[in-house]
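Visitor: This structure is in structure tokens; I'll ask about it shortly.
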């Protein structure tokens, strides 16, 4: 889906995969407003799907006015509100639990990436792939704080456990990264169901395709050719 | 609670469809609670007849919860409690229904646009200005007093359960509510041993000790909320009432600067840990906030808040 008035073109897709009974991911694509997101819900039964949808539906309704700073404040406030609701719901039995989140917000050429958890933001620039977000996972923590090598950390039985997510703590802390987008830049937001199944060269090759829709097609064709045990979601954005 | 006779043959519930009961198109998820989810929906029937505002809120149980055999009865109990109330500051419920294809029960209610008091408190860390506080406190206490008069206990009064809609405050979410003994006979009751059915820092100490929900417990929660609105912080540092009682925090409780002095005795009484000493009801709190402000303060309010 593209909007001609916007300098941004994007495409998004979310799939249940081959094993899971339901899709607990949610994606948001608002090229006209310069806002995109991927949320990967977690928790038993429908709780995860509700959590990711609550976040994405909240962002879908934001009016988004002013420059980047004001827009960022509106996005953060919206996410705090969703976080509070999820935390409160979790105090009652059977409530939903939480969701990872990665957001890309653009105003002009300025871009901010915000995230919590292991959904990722990549940048494809001049033939190179950069991972802009850093996972909030035990695996990442073991590497950063205990100096484990990536292969060792990946073998930890709880390597994929999250150390941060929306809906877990009373106060939501989001990491963020701000940068200037250049013409030709492509951004990829994706859930772990996608990035755990496609190696960086495959991500790069897909992002190198000339249209966001083609990139999405390629990413899903490849990921769905594999085991696809988890839900898969991605948004490709290009300037 | 007891099972309904029909529940034994109730089929397992499916996902909530995009078009509910052939009439309500789901537009977005507005909120989630312990058991249910509230969506914004478009009423296609009303739209067909040219209704300029054919949107409403639609509440249903979360899918995993909907598979409890008695879940529909609980949702209906919430609808029955809500629709018993007719008050400008209580959310209005429209109709209870079943989606035939999915088997999901739901009810429709007025759509509210505006921040919750939790969001308002985020924006006012020092508490509300006296005029704003007075208006919100009277609306809240009035809504609770009305519910109690009609035999309805709310059971989960907290900032997130009051919304500042465009035309004034609304008390929402009677999902943990119960009828007062003798009111609404036959309505199933939530089994509080099965669900952690309260929010710890607003639950009266006797509830945490295992006592049943009562009007006095609602009054305690209401008082915590009013104090928080006046002070910008919870009266007992967000501790649950049992912890606050053990630490004897009541002794150090002082009047929030933003609270009119003539309201303080009523609010302090409502915050008593011992329900026997909580000798005030919601109507009493309403009366305290409604009482005319003594002359000097009134002049000051007029000067500073128009």
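Chains as they are written, first to last, in the UniProt record's numbering: chain L, 1 to 239; chain U, 1 to 306. Even glycine gets a Cβ: it sits at the ideal position worked out from N, Cα and C. No experiment lies behind these values; they were computed from the predicted model shown.
Give, in chain order, every residue of the region 13-31 of chain U whose Cβ lies closer than 7 Å to some Cβ of chain L.
Guide: Per Cβ criterion, the list reads 28, 29, 31.
Visitor: In whole angstroms, give me the CA-to-CA distance for residue 49 of chain U and residue 169 of chain U.
Guide: Rounded to whole angstroms, residue 49 of chain U to residue 169 of chain U spans 30 Å at the Cα level.
Visitor: Where does the unbroken beta strand (DSSP E) through residue 10 of chain L begin, and where does it stop?
Guide: Counting along the chain, the beta strand (DSSP E) containing residue 10 of chain L begins and ends at 9-15.
Visitor: Going along the chain, which residues of its own chain have a beta-carbon closer than 8 Å to the beta-carbon of residue 8 of chain L, five neighbours each way excluded?
Guide: Closer than 8 Å at the Cβ level, and outside the excluded window around residue 8 of chain L, lie 31, 34, 106, 237, 238, 239.
Visitor: How many angstroms separate the CA atom of residue 151 of chain L from the CA atom of residue 135 of chain L?
Guide: Computed Cα separation, rounded: 16 Å.
Visitor: Just checking, does the region 92-107 of chain U make contact with the region 76-84 of chain U on the three C-beta pairs under 8 Å criterion?
Guide: Taking 8 Å as the limit for Cβ pairs, the verdict is that the region 76-84 of chain U does touch the region 92-107 of chain U.
Visitor: Using a C-beta cutoff of 7 Å, does residue 234 of chain L count as contacting chain U?
Guide: No - not a single Cβ of chain U is within 7 Å of the one on residue 234 of chain L.
Visitor: Determine the burial state of residue 199 of chain U: buried for a count of at least 16 other Cβ atoms within 10 Å of its Cβ, exposed for fewer.
Guide: Residue 199 of chain U is buried by the Cβ-count criterion.
Visitor: Please list the partners that residue 118 of chain U has in chain L, where partner means a Cβ-to-Cβ separation under 7 Å.
Guide: Within chain L, the residues near residue 118 of chain U are 84.
Visitor: With distances taken Cα to Cα, identify the nearest neighbour of residue 55 of chain U among U:113, U:259, U:243, U:283.
Guide: Out of U:113, U:259, U:243, U:283, U:113 has the C-alpha closest to the C-alpha of residue 55 of chain U.
Visitor: Suppose only complete runs of 4+ residues qualify. What are the alpha helix (DSSP H) ranges in the region 150-209 of chain U, listed by chain order?
Guide: With a minimum length of 4 residues, the continuous alpha helix (DSSP H) runs that stay inside the region 150-209 of chain U are 205-208.
Visitor: Mind listing the chain L neighbours of residue 37 of chain U? Cutoff is C-beta to C-beta under 7 Å, in chain order.
Guide: Those are 50, listed as they occur along chain L.
Visitor: With 7 Å set as the bound, which would you pick, yes or no: does the beta-carbon of residue 269 of chain U sit closer than that to a beta-carbon of chain L?
Guide: Answer no: the Cβ-Cβ gap between residue 269 of chain U and chain L never drops below 7 Å.
Visitor: Under a three-way DSSP split, which group does residue 143 of chain L fall into?
Guide: Residue 143 of chain L falls in the helix class under three-state DSSP.
Visitor: Just to make sure I have the definition right: I need the residues of chain U whose C-beta is within less than 8 Å of the C-beta of residue 89 of chain L. Which are they?
Guide: The answer, in chain order, is 32, 33, 34.
Visitor: In its own chain, which residues sit with a C-beta less than 7 Å from the C-beta of residue 173 of chain U, not counting the 5 before and 5 after it?
Guide: The residues are 33, 156, 161.
Visitor: In chain order, what residues of the same chain lie with their CB nearer than 6 Å to the CB of residue 219 of chain L, ignoring the 5 residues before and after it?
Guide: Correct list, in chain order: 206, 234.
Visitor: From residue 16 of chain U to residue 100 of chain U, what does the alpha carbon distance come to, in whole angstroms?
Guide: When rounded, the distance between both Cα atoms is 11 Å.
Visitor: Would a check of beta-carbon distances place residue 160 of chain U closer than 7 Å to chain L?
Guide: Residue 160 of chain U counts as touching chain L.
Visitor: Which of helix, strand or coil does DSSP assign to residue 136 of chain U?
Guide: Reduced to three states, the DSSP call for residue 136 of chain U is helix.
Visitor: Examine chain U for any beta-carbon lying closer than 7 Å to the beta-carbon of residue 81 of chain L, and answer yes or no.
Guide: Cβ-Cβ to chain U under 7 Å: yes for residue 81 of chain L.
Visitor: Examine chain L for any beta-carbon lying closer than 7 Å to the beta-carbon of residue 199 of chain U, and answer yes or no.
Guide: Yes, because at least one Cβ of chain L sits closer than 7 Å to the Cβ of residue 199 of chain U.
Visitor: Whose CA, out of L:86, L:11, L:15, L:17, lies closest to the CA of residue 169 of chain L?
Guide: Per the Cα distances, L:86.
Visitor: At 3 residues or longer, and completely inside the region 25-94 of chain L: list those beta strand (DSSP E) runs for me, N to C.
Guide: You should have 25-30, 35-42.
Visitor: Hey, would you say residue 266 of chain U sits closer than 7 Å to residue 280 of chain U, going by beta carbons?
Guide: Yes; because the gap between Cβ atoms is below 7 Å, this pair is in contact.
Visitor: Just how far apart, CA to CA, sit residue 210 of chain U and residue 149 of chain L?
Guide: Whole-angstrom Cα-Cα distance: 51 Å.
Visitor: So, helix, strand or coil for residue 130 of chain L, using DSSP?
Guide: The answer is strand: DSSP assigns residue 130 of chain L an E or B state.
Visitor: On the CB-based measure, 16 or more other CB atoms within 10 Å of its CB, does residue 277 of chain U come out buried or exposed?
Guide: Under this definition residue 277 of chain U is an exposed residue.
Visitor: State the Cα-Cα distance for the pair residue 58 of chain L and residue 90 of chain L, rounded to the nearest angstrom.
Guide: The alpha-carbon atoms of residue 58 of chain L and residue 90 of chain L are separated by roughly 19 Å.
Visitor: Excluding the 5 residues flanking residue 231 of chain U on each side, which residues of the same chain have their C-beta closer than 6 Å to its C-beta?
Guide: Once the five neighbours on either side are set aside, the close Cβ partners of residue 231 of chain U are 127, 256.
Visitor: If I measure Cβ to Cβ from residue 2 of chain L and keep anything under 6 Å in the same chain, skipping five residues before and after, which residues do I get?
Guide: Caution applies to residue 2 of chain L, whose pLDDT of 46 falls short of 50 and renders its modelled position unreliable; the value that the coordinates give is listed next. Contacts found: 9.
Visitor: Is residue 2 of chain L helix, strand or coil when you go by DSSP?
Guide: With a pLDDT of only 46 at residue 2 of chain L, under the threshold of 50, the placement of this residue in the model should not be trusted; the figure read from the coordinates follows. Strand.
Visitor: Beta-carbon within less than 6 Å of residue 18 of chain U's beta-carbon, same chain only, minus the 5 sequence neighbours each way: which residues are those?
Guide: Result list for residue 18 of chain U: 26, in chain order.
Visitor: Give me the DSSP bridge partner(s) of residue 254 of chain U.
Guide: Paired residues: none, contrary to the question.
Visitor: What would DSSP say about residue 110 of chain L, mapped onto helix, strand or coil?
Guide: Residue 110 of chain L: strand per DSSP, three-state reduction.
Visitor: Nearest chain U C-beta to residue 15 of chain L closer than 7 Å, yes or no?
Guide: Not an interface residue.
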